[in-house]
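2 protein chains.
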Amino acid sequence: MSAGSVRAARAAWADPAELTAAALAGDRRAVARLISLVEDSSAALREVSALLAPHTGRARVIGLTGAPGVGKSTSTSGLVGAYRAAGLRVGVLAIDPSSPFTGGALLGDRVRMVEHASDPDVFVRSLATRGNLGGLSWATPQALRVLDAAGFDVVLVETVGVGQAEVDVAALADTTLVLLAPGMGDGIQAAKAGIMEIADILVVNKADRPGADHTYRDVVTAVRMAGRPRESIADTTFAGAGAGADGGATGAGGGLEDWHPDVIRVAAVSGEGLPELVAAIERHQTWLRASGVLRRRRLRRAGEEISQIALAGLRARLGRLDDGQRLAELARQVTDGQLDPYTAADTLLAGVAG
Amino acid sequence: MSAGSVRAARAAWADPAELTAAALAGDRRAVARLISLVEDSSAALREVSALLAPHTGRARVIGLTGAPGVGKSTSTSGLVGAYRAAGLRVGVLAIDPSSPFTGGALLGDRVRMVEHASDPDVFVRSLATRGNLGGLSWATPQALRVLDAAGFDVVLVETVGVGQAEVDVAALADTTLVLLAPGMGDGIQAAKAGIMEIADILVVNKADRPGADHTYRDVVTAVRMAGRPRESIADTTFAGAGAGADGGATGAGGGLEDWHPDVIRVAAVSGEGLPELVAAIERHQTWLRASGVLRRRRLRRAGEEISQIALAGLRARLGRLDDGQRLAELARQVTDGQLDPYTAADTLLAGVAG
């Protein structure tokens with residue numbers, strides 16, 4: 001393509017349909033542009049999303065989470081390498097739950113991904129999540145949808161295990177990997193408390209370090225003690241936006257044995273254990289399909305996505321409703337003790353009808 | 001009061017009006033019961049909130065946040081002791097942003113508060129925040145309202161500095177303390193990045209430890225470099241629920257000099273520096289009142305509170321709208337690529353009117 005025709009193509013991207021067509025054809029810049037639209041909550045997303053829809057549902061979505069310092073970036077990079085070696089196209093979404101304390105630093109160490117930077121079949125993008133919409137719920141599924149439609153066979157969603165983010169990543173992923181590392185005692189304690197609820201596979205990284213065997217045994221014990229498989233508690237983990245996505249349309253409806261989390265030892269820096277991890281992911285994916293759980297998870301993900309978009313719509317409606325003075329006057333009355341916040345909210349909502 | 005009349009009073013608490021009257025009269029069990037209603041999002045809250053409203057607005061609200069391990073519990077306990085020595089009644093809300101990784105462990109170390117457990121003028125309560133409503137935004141202001149109306153002169157709101165929580169606590173508090181400790185290099189880096197936006201007072205705890213001087217100097221330098229006072233950036237910190245609470249009703253409208261964060265050295269375990277911290281808080285409170293910023297913050301807090309309740313109402317409406325099958329069918333269509341999530345959300349919302 002000549003420089004002139006490249007420019008012509010780029011200019012055409014002002015049109016969402018052209019932009020989407022380019023992304024579907026695998027143009028990485030078009031993919032990047034679409035994800036920027038997602039981050040900006042662009043009005044063009046409606047049209048884009050409709051155009052993408054028929055092309056979605058093919059990517060395997062692998063979530064990867066863990067406390068800071070367990071080696072998420074290195075493990076992600078290792079998995080990218082393994083999938084590339086198998087000829088698959090790989091997308092990576094690195095989610096950074098921003099905070100005044102952490103800024104963008106938690107996932108700032110993208111340097112290890114440099115080895116894949118020149119590979120046209122690897123697409124890496126960091127998404128910062130901010131504000132009241134909470135965690136990953138808004139932008140990440142939309143970005144995932146873009147990568148899925150653009151033909152990435154595997155999408156790795158990586159997030160730090162802090163706050164709500166790792167619950168969200170589990171809600172989004174087909175297979176969720178939780179990373180642990182030796183010498184992080186808190187992590188092991190936490191494993192007993194709650195990690196079992198989101199982990200499909202537990203990865204003990206830095207397996208070449210002192211204490212790794214001890215960590216491994218601790219985790220194996222914790223898995224045995226937890227006993228109950230993830231699916232049995234999924235409904236508590238994936239609380240919907242007030243509108244539960246767990247309808248009756250559950251598809252195949254289980255039948256196979258329950259899944260008990262695998263525990264895999266890896267040294268992501270050297271690559272040791274990565275083939276075993278990839279194999280464990282494959283086993284899980286096979287089980288997901290055979291048991292009907294994959295469909296159930298995806299239905300739930302779609303329901304959650306719809307609910308989030310609907311809620312954002314309601315929120316916007318609430319914003320438009322306020323002329324800038326009405327809420328201020330209600331706030332004054334509440335501050336002065338003349339009105340309680342519930343009555344004030346009712347007054348504010350009176351205009352939203354229903 | 002005889003055992004019989006106590007039982008009679010408790011039975012009467014089934015009536016929200018009786019319960020509220022008991023809380024307003026300072027009955028700690030009634031206060032605890034009201035906060036449980038808040039945690040459960042009880043329908044009785046509307047009536048309770050209306051009864052509480054005329055009695056609110058008196059408590060000084062002090063937020064306290066910082067990374068895990070900086071000594072928040074100890075500092076809170078120290079402040080409680082200092083205020084009790086001054087004859088004030090003190091409420092403590094310990095907010096635990098729950099997470100599969102942390103469980104309730106982050107603020108689990110309440111043991112240090114034991115020294116105040118038998119003091120009838122100290123009320124301590126942990127609030128776990130869960131789910132999509134995000135951070136503290138929902139329950140905490142309501143619980144604060146209960147303690148305020150029940151006559152606690154000072155309410156300390158303590159939360160771990162992770163994710164959205166510490167931004168929320170700053171939005172809620174009149175005075176926000178950010179705790180740091182020596183030997184937590186990340187904390188200092190982060191200080192430069194974002195802590196300045198929420199801190200009214202920076203507390204270097206564990207001032208008796210090695211490296212405390214270095215940390216102190218780092219923080220002082222960071223404060224100087226940050227330059228801009230908190231109020232000038234408040235609008236970016238306190239993003240409303242789509243409906244900005246910053247109307248025109250700003251009251252006194254500033255006028256005094258800007259506030260630049262104090263940096264105070266404390267060793268909370270031994271009590272060293274606590275009088276200086278209390279004095280710094282008093283200076284800030286005096287400035288808040290004189291500058292008109294206190295009123296501005298409280299108007300903003302009320303606006304945020306109203307918006308959150310209104311939003312929860314919309315969310316509930318969305319939930320009721322779904323008959324359990326409609327969202328499931330939309331989720332099926334989205335999963336199968338027949339529909340995009342935006343169109344699905346529109347369909348879901350069509351019934352909410354507006």
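If you read the protein sequences in the order shown, they are chains A and B.
Taking UniProt numbering as reference, the numbering of the first sequence is continuous, increasing by one, and the terminal residue is 354.
Taking UniProt numbering as reference, the numbering of the second sequence is continuous, increasing by one, and the terminal residue is 354.
C-beta: ideal position from N, C-alpha, C; glycine also.
Taking 6 Å as the limit between beta carbons, can you name the residues of its chain near residue i, skipping five residues before and five after?
| i | result |
| --- | --- |
| B:Leu-277 | Ile-264, Val-266 |
| B:His-116 | Val-80, Val-122 |
| residue 355 of chain B | Since the first and last residues shown for chain B are 1 and 354, residue 355 of chain B lies out of range. |
| A:Ile-195 | Val-178 |
| B:Pro-120 | none |
| A:Asp-208 | Ala-267 |
| A:Asp-262 | Ile-201, Ala-280 |
| A:Leu-37 | Ala-44, Leu-45 |
Closer than 7 Å by C-beta to residue i: which residues in its own chain qualify, once you throw out the five before and the five after it? Chain order, please.
| i | result |
| --- | --- |
| A:Ala-239 | Note that A:Ala-239 scores 32 on pLDDT, short of 50, meaning its location in the model is unreliable and no value can be drawn from it. |
| A:Thr-56 | Arg-145, Asp-148, Ala-149 |
| B:Arg-297 | Asp-174 |
| A:Gly-271 | Gly-78 |
| A:Arg-289 | none |
| A:Glu-39 | Leu-127, Ala-139 |
Determine the chain A residues that contact residue i at a beta-carbon separation under 9 Å, and present them in chain order.
| i | result |
| --- | --- |
| B:Asp-119 | Residues of chain A passing the Cβ test: none, with the nearest at roughly 28 Å. |
| B:Ala-139 | What B:Ala-139 touches in chain A: nothing, since even the nearest Cβ is about 13 Å away. |
Under 9 Å Cβ-Cβ, which residues of chain B neighbour residue i?
| i | result |
| --- | --- |
| A:Arg-46 | Asp-340, Tyr-342, Thr-343, Asp-346 |
| A:Leu-147 | Neighbours of A:Leu-147 on chain B: none; closest Cβ ~15 Å, over 9 Å. |
| A:Gly-151 | Ordered by position in chain B, no residue passes the 9 Å Cβ test against A:Gly-151, which lies about 14 Å from the chain. |
| A:Arg-224 | Within chain B, no residue comes near A:Arg-224; the closest Cβ sits about 18 Å away, beyond 9 Å. |
Do residue i and residue j have their C-beta atoms closer together than 9 Å?
| i | j | result |
| --- | --- | --- |
| B:Val-203 | B:Ile-62 | no |
| B:Pro-141 | A:Pro-341 | yes |
| B:Ala-143 | B:Pro-182 | no |
| B:Ile-201 | B:Ile-306 | no |
| B:Ser-49 | B:Asn-205 | no |
| B:Leu-93 | B:Leu-45 | no |
| B:Leu-274 | B:Gln-285 | no |
| B:Pro-54 | A:Gln-333 | no |
| B:Gly-151 | B:Leu-299 | no |
| A:Arg-315 | B:Leu-311 | yes |
| A:Ala-14 | A:Ala-22 | no |
| A:His-260 | A:Val-219 | no |
| A:Gly-26 | B:Asp-346 | no |
| B:Arg-33 | B:Leu-172 | no |
Please work out which residues of its chain come closer than 8 Å, Cβ to Cβ, to residue i, disregarding the five sequence neighbours upstream and downstream, and give them in chain order.
| i | result |
| --- | --- |
| B:Asp-153 | Arg-58, Ala-59, Arg-60, Tyr-83, Leu-88, Arg-89, Val-90 |
| B:Thr-335 | none |
| A:Thr-65 | Lys-72, Glu-158, Thr-159, Val-160, Gly-161, Ala-165, Glu-166, Val-169, Ala-170, Thr-176, Leu-177, Val-178, Leu-179, Ile-198 |
| A:Ala-331 | Ala-344 |
Going along chain B, which residues have a C-beta under 8 Å from residue i?
| i | result |
| --- | --- |
| A:Thr-175 | Ordered by position in chain B, no residue passes the 8 Å Cβ test against A:Thr-175, which lies about 16 Å from the chain. |
| A:Leu-52 | Asp-340 |
Can you name the residues of chain A whose CB is closer than 7 Å to the CB of residue i?
| i | result |
| --- | --- |
| B:Thr-56 | Gly-337 |
| B:Ala-49 | According to the sequence provided, residue 49 of chain B is Ser. The question's Ala does not apply to it. Within 7 Å Cβ-Cβ: Asp-340, Pro-341, Tyr-342. |
| B:Ala-25 | What B:Ala-25 touches in chain A: nothing, since even the nearest Cβ is about 18 Å away. |
| B:Gly-71 | Here the premise fails: no neighbours, minimum Cβ distance about 15 Å. |
In chain B, which residues lie with their C-beta within 7 Å of the C-beta of residue i?
| i | result |
| --- | --- |
| A:Ala-310 | Leu-318, Ala-345, Leu-348, Leu-349 |
Cβ-based contacts, 9 Å cut-off: residues of the segment 291-308 of chain B near chain A = Arg-295, Arg-298, Leu-299, Arg-300, Arg-301, Ala-302, Gly-303, Glu-304, Glu-305, Ile-306, Ser-307, Gln-308
Identify each residue in the segment 264-284 of chain A for which the Cβ-Cβ distance to at least one residue of chain B is less than 7 Å, and report them in chain order.
-> none
What residues in the segment 204-224 of chain B have a beta carbon less than 9 Å from any beta carbon of chain A?
-> none
Within the segment 15-97 of chain A, ranges of the alpha helix (DSSP H) (whole runs, at least 4 residues) = 16-24, 28-39, 45-52, 72-85
Could you name each continuous alpha helix (DSSP H) segment of 4 residues or more that falls completely within the segment 263-314 of chain B, going from the start of the chain to the end?
-> 274-291
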